[in-house]
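Going by this note's numbering, 72 is the number at position 87 of the sequence shown; the sequence numbering is gapless. Just so you know, even glycine gets a beta-carbon here, dropped at the ideal spot from N, CA and C. Computed from a predicted model, the values in this text were never measured in an experiment. This report concerns only the one structure given below.
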Amino acid sequence: MISKTKDIFKQCISNKVVQYIASRYFVYFIQFVNSLFIALYLGPFYLGVWGFINLVLQYFLQINFGIAHSFNALISIKKNDTEYVIKAFNTSLALLFILAMGVVICFTGSYFQGNTIGEEFGFSKYIWPVCILAVMNYFIVLFSNLFRVFNKLREIAFAQSIFPILTIFCLIIGRGENLLNYLVAANCLGFLFSLFLFVLKSPIPLGLKVNRSILKSIIHKGLPLFIYNSAFYFIIISTRSVISSYYKVDEFGYFTFSYSMANIIQLLFESFSFLIFPKVINRLASKASQDAINLLDKIRNDFMTIAYLLVFIAIPLFPVFLNFFPEYKGSEYSFGLNVLTIALYTNSFGFSALLIAKNKEKPLGMIAATCLSVNIIIAWLLAIHRVEYQTIIISTIISYFLYLILVTYIGQKTILHFNGWGRLLKVSFPVSFLIPYLISAVLILLKANGMLLLIPFCVFMFMNLNRVRNIFYTLLAIIKNPNFINI
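The following block contains the structure:
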């Protein structure tokens, strides 16, 4: 027994996938602790300013014209053709340089015309650092996709870890506005180090030579992917924008705190999806319908089970954390709704990859754009009727649910004939997930606390014991065989 345990431990240490995921979870723990101290040392007002800076960065990160996303999708299907990967990367790199020049011109024009965006947040002071961050972000995303293809995970882990580590030093020496300035500078420094490492360790020769046929493929695939990714991620961004526009800076600070805490949970399972997403596309593109259905069910069951388990653990634990941060006591309600939003987002995992693999980016983009419009309208209506700022996130829950139903419907039609709305609801939101989700939503809306918040977790475990047990066996398989993740 002891010998078997030692063997498993050795396999863990030598397994690249386990190393990467373990490093990510360690960094997320640091990031979580950092977020707590950032909130404490900035206070609600400056945390609101920090949240607005990150919101602007998110806008520019999504306005990417699908270049990096298109590159990712193309090489996921032709990942074994090194020459093609080189041509695709260098073509994408050239396009990003053009995009970067456009961003610089945009910021320059805004600066000289008298920037009024985020005036109440004092954003004009940070306009140039944000411009630099926006530009570097484009290249870091592209390089990360390249390094993932060649399984060079250590460099990716460094790029994802450097800012949380630099943040520790900022927290030691800074408070209030000074800390805010240090955080912006550390972000710039972290991005610069990451880019330098990517260029230095690049697995392929770098250049700006454009291949015309690949350029057409990137544009053909990239624009629909851009519409999809931008519209989808703008759903939550637009919600944050409404709160920043209609509510006080400190209220936006409370929301930023709860959103940051909830986002840690999303980062935990995104580290795994980052590795598996291109492999899912590759396999779904080539599998027959029934094989694709089986693969999709397996991936979604494991992914959703982990996500919901984390969510139902986090909700009752969050009030305990707030005892150490009395300044943010009012964010408990907001946190609960935020994590339920994230849980709903995971339900659609797999179907978006399926549609991309089957070249269905256009309907995917139309679905995301429709849901974005719904979100903006509902959020705006709630805001002008002056509901509590925490309640605005309900618009995103509704939009994500609509997205889930539509993407599941198109996904089912793609791999098999539509079997009715009952089957669709069962696939998109299994009853064993739906019941504890609804119980949790009711308890949060009623602002319940204490032991009552443990009820959804208990119900979830009772209804999904076999799923949770299967997760354990899947993790054990990954430890024993690093190629298991190649599905």
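* Asked: Per DSSP, what kind of secondary structure is His370 in: helix, strand or coil?
  -> Assigned with DSSP and collapsed to three states, His370 falls in coil, not helix or strand.
* Asn172 and Asn57 look like a contact to me (Cβ under 8 angstroms); what is the Cβ gap, rounded to whole Å? -> Not confirmed; about 24 angstroms, so no contact.
* Buried or exposed (CB count within 10 angstroms, at least 16 for buried), Met436 -> Residue burial annotation: Met436 is exposed, with fewer than 16 other C-beta atoms found within 10 angstroms of its C-beta.
* Check Gly192 in the structure and name its three-state DSSP category. => When DSSP states are grouped into helix, strand and coil, Gly192 belongs to the coil group.
* Can you give the beta carbon distance from Leu193 to Leu78, rounded, assuming they're within the 8 angstroms contact cut? -> Contact between Leu193 and Leu78 is confirmed by a C-beta separation of about 6 angstroms, below the 8 angstroms threshold.
* **Where the alpha helix (DSSP H) containing Gly175 begins and where it ends** => From DSSP, the alpha helix (DSSP H) with Gly175 extends over Gly161 to Leu185.
* Asked: Using the beta-carbon count (16 or more within 10 Å), is Lys432 buried or exposed?
  -> Around the CB of Lys432, fewer than 16 other CB atoms lie within 10 Å, so the residue is classed as exposed.
* Asked: Taking just the CA atoms, how far does Ala170 sit from Ile38?
  -> In a straight line, the C-alpha of Ile38 is about 12 angstroms away from that of Ala170.
* With burial defined as no fewer than 16 other Cβ atoms inside 10 Å of the residue's Cβ, what is the status of Pro209: buried or exposed? -> With 16 or more Cβ atoms within 10 Å of its Cβ, Pro209 is classed as buried.
* **Leu127 to Arg133 span [Cα, whole Å]** => Taking the straight line from one Cα to the other gives about 10 angstroms.
* To do: With distances taken Cα to Cα, identify the nearest neighbour of Val70 among Leu191, Ser316 and Phe310.
  => Measuring from the Cα of Val70, the nearest candidate turns out to be Leu191.
* **Rounded separation between Leu80 and Ile147 - CA only** => Near 27 angstroms, if we compare the C-alpha coordinates of Ile147 and Leu80.
* Asked: Can you name, in chain order, every residue of its own chain whose Cβ lies under 6 angstroms from the Cβ of Phe106, other than the five neighbours on each side?
  -> For Phe106, where only same-chain residues beyond five positions count, the Cβ hits under 6 angstroms are Val34 and Phe37.
* Asked: Using a Cβ-Cβ cut-off of 7 angstroms (strictly less than) and excluding sequence neighbours within five positions of Asn486, which residues of its own chain qualify?
  -> No statement about residue 486 is possible, as the shown extent of the chain runs from -14 to 472 and does not include it.
* Tell me whether Ile456 sits in a helix, a strand or coil according to DSSP, three-state version. => Ile456: helix per DSSP, three-state reduction.
* Between the CA atoms of Glu68 and Thr224 - distance to the nearest angstrom -> Cα to Cα, Thr224 sits roughly 42 angstroms from Glu68.
* Excluding sequence positions up to five away, which residues of its chain have a Cβ less than 8 angstroms from the Cβ of Leu42? -> Within the same chain, Leu42 has close Cβ partners Val115, Leu118, Ala119 and Asn122.
* To do: Would you list, in sequence order, the uninterrupted alpha helix (DSSP H) runs of no fewer than 4 residues that lie entirely inside the segment 23 to 86?
  => Within the segment 23 to 86, the complete alpha helix (DSSP H) runs of at least 4 residues are 52 to 62.
* **Start-to-end residues for the alpha helix (DSSP H) that takes in Gln145** => Where Gln145 is concerned, the enclosing alpha helix (DSSP H) stretches over Leu138 to Ile158.
* **C-alpha gap between Trp113 and Val89, whole angstroms** => Linking Trp113 to Val89 through their CA atoms gives a straight-line distance of about 9 angstroms.
* To do: Could you have a look at Asn248 and say whether DSSP puts it in helix, strand or coil?
  => DSSP places Asn248 in helix when its eight states are reduced to three.
* To do: Determine the burial state of Arg408: buried for a count of at least 16 other Cβ atoms within 10 Å of its Cβ, exposed for fewer.
  => Classification for Arg408: exposed.
* **Three-state secondary structure (DSSP) of Lys314** => The DSSP-derived three-state label of Lys314 is helix.
* Report back the beta-carbon spacing between Ile395 and Leu340 to the nearest angstrom; my notes put them in contact at under 8 angstroms. => That belief holds up - the Cβ atoms of Ile395 and Leu340 are roughly 6 angstroms apart, short of 8 angstroms.
* Asked: Is Tyr232 helix, strand or coil by DSSP?
  -> The answer is coil: DSSP assigns Tyr232 none of H, G, I, E or B.
* Would you say the segment 358 to 370 touches the segment 315 to 328, given that touching needs at least three Cβ pairs under 8 angstroms? -> With a cut-off of 8 angstroms on Cβ pairs, the segment 358 to 370 is not in contact with the segment 315 to 328, counting fewer than three such pairs.
* **N- and C-terminal bounds of the alpha helix (DSSP H) containing Phe124** => Unbroken alpha helix (DSSP H) run through Phe124: Ile112 to Val134.
* To do: Decide if the segment 411 to 429 is in contact with the segment 379 to 393; the criterion is three or more beta carbon pairs, one per stretch, under 8 angstroms apart.
  => By the C-beta criterion, the segment 411 to 429 is judged to be in contact with the segment 379 to 393, since at least 3 inter-stretch pairs fall below 8 angstroms.
* Assuming Val424 and Ile440 make a contact with CB atoms under 8 angstroms, what is their CB distance in whole Å? -> What sits at residue 424 in the sequence shown is Ile, not Val. Ile424 to Ile440, Cβ: 6 angstroms. Contact.
* Rounded to a whole number of angstroms, what is the C-alpha to C-alpha distance between Ile383 and Phe320? -> Between the C-alpha atoms of Ile383 and Phe320 there is a straight-line separation of about 17 angstroms.
* To do: Would you check if the distance between the CB atom of Ile377 and the CB atom of Ala299 is smaller than 8 angstroms?
  => No, they are not a contact pair.
* Asked: When the distance is taken between beta carbons, is Gln47 closer than 8 angstroms to Phe219?
  -> Contact flag set, yes.
* Asked: In its own chain, which residues sit with a C-beta less than 8 angstroms from the C-beta of Leu177, not counting the 5 before and 5 after it?
  -> Cβ neighbours of Leu177 within its own chain (closer than 8 angstroms, five residues either side excluded): Met121.
* Asked: In chain order, what residues of the same chain lie with their CB nearer than 8 angstroms to the CB of Leu25, ignoring the 5 residues before and after it?
  -> For Leu25, same chain residues with a beta-carbon under 8 angstroms away, outside a window of 5 residues either side, are Phe310 and Glu312 in chain order.
* To do: Take Leu295 as the anchor and find which of Arg371, Ile203 and Ala247 has the nearest alpha-carbon.
  => Distance from the Cα of Leu295 is smallest, within the candidate group Arg371, Ile203 and Ala247, for Ala247.
* Along the alpha helix (DSSP H) that carries Ser109, what are the first and last residues, could you check? => Counting along the chain, Ser109 falls outside any alpha helix (DSSP H), and DSSP gives it neither H nor E.
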